[in-house]
Amino acid sequence: MEIKEAKFVMSNTDWRKCPKPSLPEYAFIGRSNVGKSSLINMLTQRKSLAKVSATPGKTQLINHFVMDDQWLLADLPGYGYAKVSKEKRVKFHNFTLDYLRNRENLMCTFVLIDSRLKPQAIDLEFFEFCGTKGIPFVIVFTKYDKLTIAEKEANITAYKEKLLESWNSLPPIFLSSSVKGTGREDILDFIEETNHLFKG
Ligand code: GDP
C-alpha cells in the first residue's frame, strides 16, 4: 500500500472529541524519543507531518491524521519522560489510557521499542496494560540501523523471552529504520490487510 495523501485532522486530550470513528484507526505509542515521529514521517514520506523533537516528552496530545480518506493514524504522547516540568513525572497520561480503552474503531496499537535497549520495565508494563484491557498491539523495533546485528538481535530476543513469560504467543513484530526506510512496506501492508477487517 502507498499513502498518496496524509492530512492532519486535530489534536486533543479527550477520546470523545477525536474524529468520528467511521474509519479504521491505528495508534502509535512508545517511550519518548523512541523514534515515533520519525517513523510516522517515514511511513507517510512527509518530512514533518509529525514533529521530530530533540526534547523528550514534548508532544503531549493525541494527534490524528487521515490517510487517503481511508484510515486514521493516532500519534499518542510518548510515555516515560520526566522532563516536561520540574515536578511532573508522568508515566502514562490517563487520557491516553482512556483513549486506548474506549476508542471503538481502534484496530491495532503499534508499540514502538528502541532496538538499542534491553527490555525496559515501562514497556513491559504497557504490554501488560494492553493484555489486561484486551487492546490489540504489534511491536515495532525502531532505529534498526544502529548497533550490530548481534547486539540488536540480543535485545529483541530478550524482549521476546520477557513477553513469553506472560503470553502464550508473540504479537506480530516489525523491524524499522526511519533513516533507511526499513519496515515501511511491511507495516503499510499490515495496515492494508487489517483495514479489510473493519466493520464500520
Ligand atoms: P519521538 O520522540 O518518539 O517522536 O522520536 P523522534 O522521531 O523525535 O526521534 C528521536 C531521535 O531519534 C531523533 O534525534 C531522531 O533523529 C532519532 N531517530 C529516530 N528514528 C531513527 C532511526 O530509525 N534511526 C536513527 N539512527 N535515528 C533515529
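Residue numbering for the sequence shown follows the numbering used here, starting at 445 and increasing by one per position. Don't be surprised by glycine CBs; every beta carbon is placed ideally from N, CA and C.
### Query
In the structure shown, what three-state DSSP assignment does Met445 receive?
In the sequence shown, the residue the question calls residue 445 occupies position 1. DSSP places Met445 in coil when its eight states are reduced to three.
### Coil, strand or helix - Gly501 by DSSP
Mapped onto the sequence shown, residue 501 falls at position 57. Confidence at Gly501 is low in this model, with a pLDDT of 49, below 50, so its placement is unreliable and the value that follows should be read with caution. In this structure, Gly501 counts as coil in the three-state DSSP scheme.
### Query
To the nearest whole angstrom, what separates the beta carbons of Arg560 and Asn599, a pair I think is in contact under 8 Å?
Here the question's residue 560 lines up with position 116 in the sequence shown. Here the question's residue 599 lines up with position 155 in the sequence shown. Contact flag correct, Cβ pair sits at about 7 Å.
### the ligand GDP heavy atom lying under 6 Å from the CB of Lys480
Position 36 of the sequence shown, counted from the start, is the residue given in the question as residue 480. Yes - the ligand GDP has a heavy atom lying nearer than 6 Å to the Cβ of Lys480.
### Task
May I ask you to report which of helix, strand or coil DSSP gives Phe618?
Here residue 618 is taken as the residue at index 174 of the sequence shown, counted from 1. Phe618: strand per DSSP, three-state reduction.
### Query
Taking DSSP as the reference, what is the three-state secondary structure of Leu550?
On the sequence shown, residue 550 is found 106 positions in, with the first residue counted as 1. Note: Leu550 maps to strand in three-state DSSP.
#### Entry: Distance between Lys491 and Phe642 (C-alpha atoms, nearest Å)
To locate residue 642, count along the sequence shown from 1; it is residue 198. To locate residue 491, count along the sequence shown from 1; it is residue 47. Taking the straight line from one Cα to the other gives about 29 Å.
### Query
Can you tell me the Cα-Cα spacing of Val555 and Arg460, whole angstroms?
As a first step, residue 555 must be located in the sequence shown, where it is residue number 111. As a first step, residue 460 must be located in the sequence shown, where it is residue number 16. Approximately 22 Å between the Cα atoms of the pair.
#### Entry: For Trp611, the three-state DSSP class (helix, strand or coil)
Your numbering for residue 611 matches position 167 in the sequence shown. Three-state DSSP puts Trp611 in coil, outside helix and strand.
#### Entry: Unbroken beta strand (DSSP E) run spanning Ala471, endpoints
Looking up residue 471 in the sequence shown gives position 27. Residues Glu469 to Gly474.
### Task
Report the residue from Ser620, Ser466, Ser622 and Phe472 whose alpha carbon sits nearest the alpha carbon of Asp519.
The sequence position of residue 519 within the sequence shown is 75, counting from 1. Closest by alpha carbon: Phe472.
### Query
By Cβ distance below 8 Å, which residues in the same chain neighbour Cys462 in space, the five residues on each side in sequence not counted?
To locate residue 462, count along the sequence shown from 1; it is residue 18. Cβ neighbours of Cys462 beyond the five flanking positions: Met454, Asn456, Ile506, His508, Ala518, Tyr543 and Arg547.
### Message
Once DSSP output is grouped into helix, strand and coil, what is the label at Lys680?
### Response
Any answer about residue 680 is impossible in this case: the structure gives the chain only from 445 up to 644.
### Span separating the alpha-carbon of Ser621 from that of Ser466
The count along the sequence shown starts at 1 and reaches residue 621 at position 177. The count along the sequence shown starts at 1 and reaches residue 466 at position 22. Distance between the alpha carbons of Ser621 and Ser466: 31 Å.
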